[in-house]
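Colleague: Just dropping this structure here.
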Amino acid sequence: MTAKATPSPPASGKSPAPRKGIFHSIYYAFNSIRLTVFLFIILGIVSIIGTIIEQGASPEKYAQEYTEGTIRLFNALGLFDMYHTFWFFTLLLLLLLNLTVCTLERLPKVWRFAKRIKPILEEGDEKKYPIRDDFELPGGAEKVEAAFRKLARLPYWMILLDIAAVVLAIFFTREYNFNFLEFVSFIILPLGYVALLNFRGKLIRTEKDGVVHLFVNQWLISRFGVYITHVSILIIFLGAIAGNLFGFKGYMAVGEGETTNRMYVRQARMIDTLMDALQSVSAKTTEDSHTSRSGEFTTLPFSIRCDDFNVSYYDTGLPKDYTSDLVVIENGKETMRKTIEVNDPLVVGKTYFYQSSYGRSGRPGVVVFKVQAPGGEFRTYRAPVRGTFHVDGTDTDIQIMSFVPDFTITNGQVRQRSEEMINPAIYIMGKKGDHLLFNGWFLPKYPEYSIDTAGYKFEFVDYWGSQYTGLQVAYDPGVEVVWIGCSLLVIGLMISFFHSHQRIWARINGDHVVIAGSAHKNRMAFEKKIEDLVKLLRT
Amino acid sequence: MQLHTLGQNFFNTGGIAYLIATICYVIYLGNRTKTIGNVASGVTLLGVVAITIGLILRWVEAGLSHPPFTNLYEILLFFAWGIALVYLVVEFKYPIKIAGAFIMPIALAAMGIASLSPNKEIEPLVPALQSAWLHFHVACSTVAYAAFIVAFGFSILYLMKDKVRLEVFGLSVAIIGWFSMIITKTSILTEGVFRMQQMVREGGKLYPVYQPGTKIPAQIEIPGIGKFFLITFGIYLLAMLLHIVFLSMKERSISRYALWSLIVSFGVQSIALLLFLLKIKEIPEVSLQSNPYETTMFFISWGATLIYLIMHFTYRPLLEALPDKKLLDKLSYKTIMVAFPLMTLVIITGAIWANYAWGTYWSWDPKETWSLITWLVYALYLHARITIGWHGRRTAYISIVGFAVVVFTFLGVNIVLSGLHSYAGG
Numbered sequence: 001m002t003a004k005a006t007p008s009p010p011a012s013g014k015s016p017a018p019r020k021g022i023f024h025s026i027y028y029a030f031n032s033i034r035l036t037v038f039l040f041i042i043l044g045i046v047s048i049i050g051t052i053i054e055q056g057a058s059p060e061k062y063a064q065e066y067t068e069g070t071i072r073l074f075n076a077l078g079l080f081d082m083y084h085t086f087w088f089f090t091l092l093l094l095l096l097l098n099l100t101v102c103t104l105e106r107l108p109k110v111w112r113f114a115k116r117i118k119p120i121l122e123e124g125d126e127k128k129y130p131i132r133d134d135f136e137l138p139g140g141a142e143k144v145e146a147a148f149r150k151l152a153r154l155p156y157w158m159i160l161l162d163i164a165a166v167v168l169a170i171f172f173t174r175e176y177n178f179n180f181l182e183f184v185s186f187i188i189l190p191l192g193y194v195a196l197l198n199f200r201g202k203l204i205r206t207e208k209d210g211v212v213h214l215f216v217n218q219w220l221i222s223r224f225g226v227y228i229t230h231v232s233i234l235i236i237f238l239g240a241i242a243g244n245l246f247g248f249k250g251y252m253a254v255g256e257g258e259t260t261n262r263m264y265v266r267q268a269r270m271i272d273t274l275m276d277a278l279q280s281v282s283a284k285t286t287e288d289s290h291t292s293r294s295g296e297f298t299t300l301p302f303s304i305r306c307d308d309f310n311v312s313y314y315d316t317g318l319p320k321d322y323t324s325d326l327v328v329i330e331n332g333k334e335t336m337r338k339t340i341e342v343n344d345p346l347v348v349g350k351t352y353f354y355q356s357s358y359g360r361s362g363r364p365g366v367v368v369f370k371v372q373a374p375g376g377e378f379r380t381y382r383a384p385v386r387g388t389f390h391v392d393g394t395d396t397d398i399q400i401m402s403f404v405p406d407f408t409i410t411n412g413q414v415r416q417r418s419e420e421m422i423n424p425a426i427y428i429m430g431k432k433g434d435h436l437l438f439n440g441w442f443l444p445k446y447p448e449y450s451i452d453t454a455g456y457k458f459e460f461v462d463y464w465g466s467q468y469t470g471l472q473v474a475y476d477p478g479v480e481v482v483w484i485g486c487s488l489l490v491i492g493l494m495i496s497f498f499h500s501h502q503r504i505w506a507r508i509n510g511d512h513v514v515i516a517g518s519a520h521k522n523r524m525a526f527e528k529k530i531e532d533l534v535k536l537l538r539t
Numbered sequence: 001m002q003l004h005t006l007g008q009n010f011f012n013t014g015g016i017a018y019l020i021a022t023i024c025y026v027i028y029l030g031n032r033t034k035t036i037g038n039v040a041s042g043v044t045l046l047g048v049v050a051i052t053i054g055l056i057l058r059w060v061e062a063g064l065s066h067p068p069f070t071n072l073y074e075i076l077l078f079f080a081w082g083i084a085l086v087y088l089v090v091e092f093k094y095p096i097k098i099a100g101a102f103i104m105p106i107a108l109a110a111m112g113i114a115s116l117s118p119n120k121e122i123e124p125l126v127p128a129l130q131s132a133w134l135h136f137h138v139a140c141s142t143v144a145y146a147a148f149i150v151a152f153g154f155s156i157l158y159l160m161k162d163k164v165r166l167e168v169f170g171l172s173v174a175i176i177g178w179f180s181m182i183i184t185k186t187s188i189l190t191e192g193v194f195r196m197q198q199m200v201r202e203g204g205k206l207y208p209v210y211q212p213g214t215k216i217p218a219q220i221e222i223p224g225i226g227k228f229f230l231i232t233f234g235i236y237l238l239a240m241l242l243h244i245v246f247l248s249m250k251e252r253s254i255s256r257y258a259l260w261s262l263i264v265s266f267g268v269q270s271i272a273l274l275l276f277l278l279k280i281k282e283i284p285e286v287s288l289q290s291n292p293y294e295t296t297m298f299f300i301s302w303g304a305t306l307i308y309l310i311m312h313f314t315y316r317p318l319l320e321a322l323p324d325k326k327l328l329d330k331l332s333y334k335t336i337m338v339a340f341p342l343m344t345l346v347i348i349t350g351a352i353w354a355n356y357a358w359g360t361y362w363s364w365d366p367k368e369t370w371s372l373i374t375w376l377v378y379a380l381y382l383h384a385r386i387t388i389g390w391h392g393r394r395t396a397y398i399s400i401v402g403f404a405v406v407v408f409t410f411l412g413v414n415i416v417l418s419g420l421h422s423y424a425g426g
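Protein chains in written order, with the working numbering: chain A, 1 to 539; chain B, 1 to 426.
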């Protein structure tokens with residue numbers, strides 16, 4: 001630490017001499033800012049390598065890109081799944097240790113310094129401080145006290161700003177589903193900031209031997225901002241570790257109309273993996289262990305039913321929304337129902353179900369129609385392809401001959417352009433007894449190109465039952481901890497960068513006023529502040 | 001559609017204002033008349049206001065459903081807006097008008113690249129982008145990156161004021177130029193022809209074309225410009241060598257040749273780029289997005305050379321006009337201090353969004369990783385500065401490394417590495 005960049009608190013009282021011993025030498029090795037710089041650089045370089053070599057790609061892809069020898073080398077170094085290797089983990093651990101030791105070493109010093117701050121400016125003490133002034137002021141005590149009181153007050157614009165932040169927070173949380181996350185980021189964060197603002201410091205007035213001492217101690221918290229930041233990083237890592245140990249990630253495919261509790265485990269709970277490893281070491285295989293392994297199927301304590309899956313499209317053909325109507329079934333009873341979409345998951349307890357993919361299940365679907373007979377009302381009918389349904393209140397039967405999800409005509413031939421429901425087309429045949437009413441393609445998106453349906457009106461609803469919805473399942477007990485850490489991180493950075501610890505003393509002996517001040521950062525602005533104060537007092 | 005045209009007009013106005021402001025700042029660099037300086041700031045402000053109105057109109061046009069930062073075009077506009085705004089704030093607080101000549105060209109370049117973008121329509125949001133967090137994420141990232149770039153400008157000025165030899169900058173520019181040519185595949189170097197990826201437009205989007213039945217990209221030769229690029233490459237190589245020779249021998253005459261080599265390569269490159277743009281308009285099968293990485297590098301190297309030449313020819317007056325080097329150092333530090341918490345917010349809001357969309361807040365996706373690398377570089381800067389007490393040249397060099405990383409995170413990752421972030425496609 002150099003005095004130039006940040007004046008470290010004056011170190012008085014000897015710090016205990018480092019004792020010899022292996023533990024202590026290791027401990028002090030971690031108390032090094034140069035180690036931090038080194039680790040930042042190494043982590044940076046290593047991370048870059050991880051973005052250049054594609055992570056977790058298929059062996060075929062690697063075989064295309066690299067020679068066999070390179071692949072063997074990279075595999076040995078774990079470069080294909082670098083961020084989960086032992087050595088990467090070790091680097092992170094070193095950084096954490098470094099951060100912890102540095103904090104443990106420095107925080108008590110700052111703490112002691114804060115405790116030693118005196119509210120009294122003794123005769124001659126002012127010489128210790130970079131900014132000082134003295135002048136004669138008749139009736140000084142009251143005037144100086146009034147000015148100091150103003151200094152110590154919370155500025156109104158700050159209060160207004162915080163009210164605005166909270167109002168905005170409420171607006172956003174109402175607009176976009178209130179939940180814990182928003183709560184932390186938008187309510188706790190601004191409110192916490194307001195609370196910290198109150199550390200701005202009170203005016204302390206002491207009278208000693210007829211001399212009045214005034215002292216404003218502002219933003220002492222700013223000296224602790226860096227430790228709040230460091231602790232918040234530790235909290236984030238704790239949350240991440242908890243998430244990895246006790247959380248899991250999985251995948252479920254649920255067909256339309258199907259109910260299932262089977263989940264493919266993508267990433268098992270690390271604690272299970274560890275237990276597995278322990279058990280295999282002790283060679284005890286217990287049959288009833290409930291551990292699940294990555295790459296295997298497991299069952300959830302509840303079932304998910306998918307009532308419907310839909311994709312909607314913009315006019316340009318880009319997808320607009322993927323939605324799944326999900327129902328949670330516990331002990332045979334429906335307990336929850338939600339239409340999920342990307343960015344809006346289903347939450348059961350602490351397990352989240354995210355819309356992640358979809359596809360054809362291979363089962364035949366059912367065409368869902370709304371049909372209106374001449375003079376009648378719209379009614380919903382369902383029929384499979386090649387199936388027939390009877391229109392209620394008439395003697396008409398309609399048969400569905402064919403269904404194409406994405407209809408196109410090339411060279412006079414009807415073709416299916418894609419599997420997506422972009423331009424669905426249904427070949428329908430209407431019969432009144434033996435008399436053919438209509439026969440041809442019905443295009444819901446292009447009614448003008450559809451066949452004439454003899455007064456019957458059709459509305460296409462869905463081609464139901466042929467798709468499945470792919471759900472990403474995640475259980476992460478650490479995620480809230482991570483958010484709290486993030487919130488603290490931002491607060492810590494703000495108070496350490498945007499504020500400086502400022503101390504202003506005044507000693508008033510009759511008409512003689514001595515003012516001294518010190519700021520641990522941004523001294524130019526502070527100097528100006530004191531100059532303005534003195535100018536104001538003198539006029 | 002009328003609203004759209006109106007918005008476009010405001011963006012054009014903003015672009016022209018940036019151009020005029022850049023010219024004024026460069027003139028100001030030379031003669032330092034107060035009027036020109038005020039005109040420069042005034043026009044910049046005008047440009048910022050025009051772009052602000054344009055962005056608001058675009059937002060209204062999108063039906064207020066999402067703020068206008070979803071595709072590359074919008075992001076670049078927003079970015080150009082952010083750089084000028086951050087710079088104006090600094091200029092308002094500190095006597096540092098000279099820096100405008102170095103920072104405004106970057107904003108202008110962003111506007112320029114934006115105006116070349118073929119997809120200017122408002123695109124509807126694909127499902128993954130339909131999140132409130134996206135808005136915070138993008139807003140924070142643009143301002144943070146803009147601030148980092150302004151800090152970079154101050155660092156360069158610091159190095160100049162600290163009398164780092166101009167030729168060091170010249171060498172860097174030559175290396176950038178040489179590198180930009182190296183990455184254009186070998187066809188330029190071996191055959192003297194420049195080929196581009198063939199694209200096909202379908203449903204408003206561009207798709208690359210492959211040779212039938214293979215995964216080998218189909219390429220189209222752009223006639224006439226390969227030679228120009230080859231010559232530029234040669235001269236950059238020469239410039240690089242001359243600079244190295246000069247820096248090791250310190251012979252004055254060599255310095256003159258080194259400068260001339262950069263002037264000539266700038267001239268040839270300007271012609272090459274002009275032809276390149278004209279040819280691309282002519283040939284429907286290719287677009288600027290065919291080879292976005294190379295295209296971007298061409299423009300960056302061209303711009304860097306231009307700025308270096310301006311620097312060179314205004315060196316003496318510039319050196320006199322530059323404020324105290326301590327102030328420059330401090331400004332760079334202060335800007336980074338503002339940008340760093342914002343960068344932290346960028347990563348956090350991105351993580352929250354990812355957690356909503358994919359069920360995991362961190363997946364070591366290249367974009368995520370690169371934003372973390374950016375964060376690490378600036379964390380290093382702050383620790384070096386605050387705790388170790390480094391300042392001046394050493395921190396200025398970290399700030400320059402930071403700039404390179406920011407540019408790569410912002411544009412390079414999407415272009416070079418595959419990932420989940422989608423905006424570079426549009």
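By construction, the Cβ of each residue, glycine as well, lies at the ideal position given by its N, Cα and C atoms.
#1: Considering Cα atoms alone, identify which of B/175, B/250, B/131 is closest to residue 354 of chain B.
#2: To which residues does DSSP link residue 370 of chain A through a beta bridge?
#3: Within the chosen definition, does the stretch 105–115 of chain B reach the stretch 298–307 of chain B through at least 3 CB pairs nearer than 8 Å?
#4: Helix, strand or coil, according to DSSP, for residue 445 of chain A in the structure here?
#5: Could you check whether the Cβ of residue 435 of chain B sits closer than 8 Å to any Cβ belonging to chain A?
#6: When every heavy atom of the ligand GDP is checked, does at least one fall within less than 7 Å of the C-beta of residue 475 of chain A?
#7: So residue 467 of chain A packs on residue 359 of chain A, CB below 8 Å; how close in whole Å?
#8: Which whole-angstrom value is the C-beta distance of residue 586 of chain A and residue 327 of chain A, which I expect to be below 8 Å?
#9: Is residue 300 of chain A helix, strand or coil when you go by DSSP?
#10: Going along the chain, which unbroken runs of the alpha helix (DSSP H) with 4 or more residues stay wholly within the stretch 328–400 of chain B?
#11: Going by DSSP, what residues sit across from residue 416 of chain A in a beta bridge?
#12: Check for me: the beta strand (DSSP E) holding residue 504 of chain A runs from which residue to which?
#13: Roughly how many whole angstroms lie between the Cα atoms of residue 232 of chain B and residue 243 of chain B?
#14: Touch check for the stretch 479–495 of chain A and the stretch 234–247 of chain A: three-plus C-beta pairs under 8 Å?
#15: How about residue 501 of chain A and residue 222 of chain A: are their beta carbons less than 8 Å apart?
#16: Please go through the same chain and pick out, in chain order, the residues whose beta-carbon is closer than 6 Å to the beta-carbon of residue 371 of chain B, but skip the five residues on each side of it.
#17: To which residues of the same chain is residue 392 of chain B closer than 8 Å at the C-beta, ignoring the five residues directly before and after it?
#18: Taking Cβ positions only, does residue 527 of chain A come closer than 8 Å to chain B?
#19: In chain order, what residues of the same chain have a beta carbon less than 7 Å from the beta carbon of residue 381 of chain B, not counting five sequence neighbours either side?
#20: Can you give me, in chain order, the residues of the stretch 316–334 of chain A that have a beta carbon less than 7 Å from any beta carbon in chain B?
#21: Is residue 98 of chain B closer than 8 Å to residue 327 of chain B when the C-beta atoms are compared?
#22: Buried or exposed, going by whether 16 or more other CB atoms sit within 10 Å of the CB of residue 36 of chain B?
#23: Compile a chain-ordered list of the residues in the stretch 125–142 of chain B whose CB is closer than 7 Å to at least one CB of chain A.
#24: So for residue 178 of chain B, helix, strand or coil by DSSP?
#25: If the cut is a Cβ gap below 9 Å, which residues of chain B does residue 93 of chain A touch?
#26: Quick one: Cα of residue 141 of chain A to Cα of residue 205 of chain A, how far?
#27: Apart from the five residues on each side of it in sequence, which residues of its chain come closer than 7 Å, Cβ to Cβ, to residue 544 of chain A?
#28: Let me see if you follow: with CB-CB separation under 8 Å, is residue 62 of chain B close to chain A or not?
#29: Considering only C-alpha positions, which residue in the set B/34, B/404, B/166, B/285 is nearest to residue 208 of chain B?
#30: List the endpoints of the continuous alpha helix (DSSP H) containing residue 535 of chain A.
#31: Who are the near neighbours of residue 523 of chain A in its chain, counting only those whose CB is closer than 6 Å to its CB and skipping five residues on each side?
#32: Would you check if the stretch 490–506 of chain A and the stretch 207–227 of chain A touch, i.e. whether three or more CB-CB distances between them fall below 8 Å?
Modeller: Per the coordinate set shown:
#1: As a position in the second sequence, residue 354 of chain B is number 354, starting the count at 1. Checked all of B/175, B/250, B/131; the closest Cα to residue 354 of chain B is B/131.
#2: As a working note, residue 370 of chain A is residue 370 in the first sequence. Looking at the DSSP assignment, residue 370 of chain A forms a beta bridge with A/380, A/459.
#3: yes
#4: Counting from 1 along the first sequence, the entry for residue 445 of chain A is found at position 445. Residue 445 of chain A falls in the coil class under three-state DSSP.
#5: Summary: the structure shown does not reach residue 435 of chain B, with chain B confined to residues 1 through 426, and so no result is reported for it.
#6: This structure lacks the ligand GDP, and indeed carries no ligand of any kind.
#7: Position 467 of the first sequence, counting from 1, holds the residue named residue 467 of chain A. Position 359 of the first sequence, counting from 1, holds the residue named residue 359 of chain A. Their Cβ separation, rounded to whole angstroms, is 7 Å, which keeps residue 467 of chain A and residue 359 of chain A in contact under 8 Å.
#8: Given a span of 1 to 539 for chain A in the structure shown, any question on residue 586 of chain A remains unanswerable.
#9: The residue given as residue 300 of chain A occupies position 300 in the first sequence. Three-state result, residue 300 of chain A: strand.
#10: 366–382
#11: To locate residue 416 of chain A, count along the first sequence from 1; it is residue 416. BP columns for residue 416 of chain A point to A/407.
#12: Stepping through the first sequence from its first residue, residue 504 of chain A is reached at position 504. Per DSSP, residue 504 of chain A belongs to the beta strand (DSSP E) from 502–509.
#13: If you number the second sequence from 1, residue 232 of chain B lands on position 232. If you number the second sequence from 1, residue 243 of chain B lands on position 243. Cα to Cα, the separation comes out at about 16 Å.
#14: yes
#15: Counting from 1 along the first sequence, the entry for residue 501 of chain A is found at position 501. Counting from 1 along the first sequence, the entry for residue 222 of chain A is found at position 222. Result yes, Cβ atoms of residue 501 of chain A and residue 222 of chain A sit closer than 8 Å.
#16: Here the question's residue 371 of chain B lines up with position 371 in the second sequence. Result list for residue 371 of chain B: 347, 409, in chain order.
#17: The count along the second sequence starts at 1 and reaches residue 392 of chain B at position 392. Excluding positions up to five away in sequence, the list reads 158, 162, 325, 329.
#18: One-based indexing of the first sequence puts residue 527 of chain A at position 527. Answer no: the Cβ-Cβ gap between residue 527 of chain A and chain B never drops below 8 Å.
#19: Within the second sequence, numbered from 1, the residue matching residue 381 of chain B stands at position 381. 336, 395, 398, 399, 402, listed in sequence order.
#20: 316, 317, 318, 319, 320, 321, 322
#21: Stepping through the second sequence from its first residue, residue 327 of chain B is reached at position 327. Stepping through the second sequence from its first residue, residue 98 of chain B is reached at position 98. Contact: no.
#22: Your numbering for residue 36 of chain B matches position 36 in the second sequence. By the neighbour-count rule (16 or more Cβ atoms within 10 Å), residue 36 of chain B is buried.
#23: 126, 127, 128, 130, 131, 132
#24: Here residue 178 of chain B refers to the residue found at position 178 of the second sequence. It is helical.
#25: Along the first sequence, read from residue 1 onward, the residue named residue 93 of chain A stands at position 93. Going along chain B, no residue has its Cβ under 9 Å from residue 93 of chain A, so there is no contact; the nearest lies around 16 Å.
#26: Indexing the first sequence from 1 puts residue 141 of chain A at position 141. Indexing the first sequence from 1 puts residue 205 of chain A at position 205. Rounded to the nearest angstrom, the two C-alpha atoms are 10 Å apart.
#27: In this structure chain A extends from 1 to 539, so residue 544 of chain A is not present and cannot be described.
#28: Within the second sequence, the letter at position 62 stands for residue 62 of chain B. No, because no Cβ of chain A sits closer than 8 Å to the Cβ of residue 62 of chain B.
#29: As a first step, residue 208 of chain B is located in the second sequence; it is residue number 208 there, counting from the start. The candidate whose alpha carbon is nearest that of residue 208 of chain B is B/285.
#30: Numbered from its first residue, the first sequence carries residue 535 of chain A at position 535. Here the alpha helix (DSSP H) through residue 535 of chain A covers 523–538.
#31: Locating residue 523 of chain A in the first sequence gives position 523, where the first residue counts as 1. No residues qualify anywhere along the chain.
#32: yes
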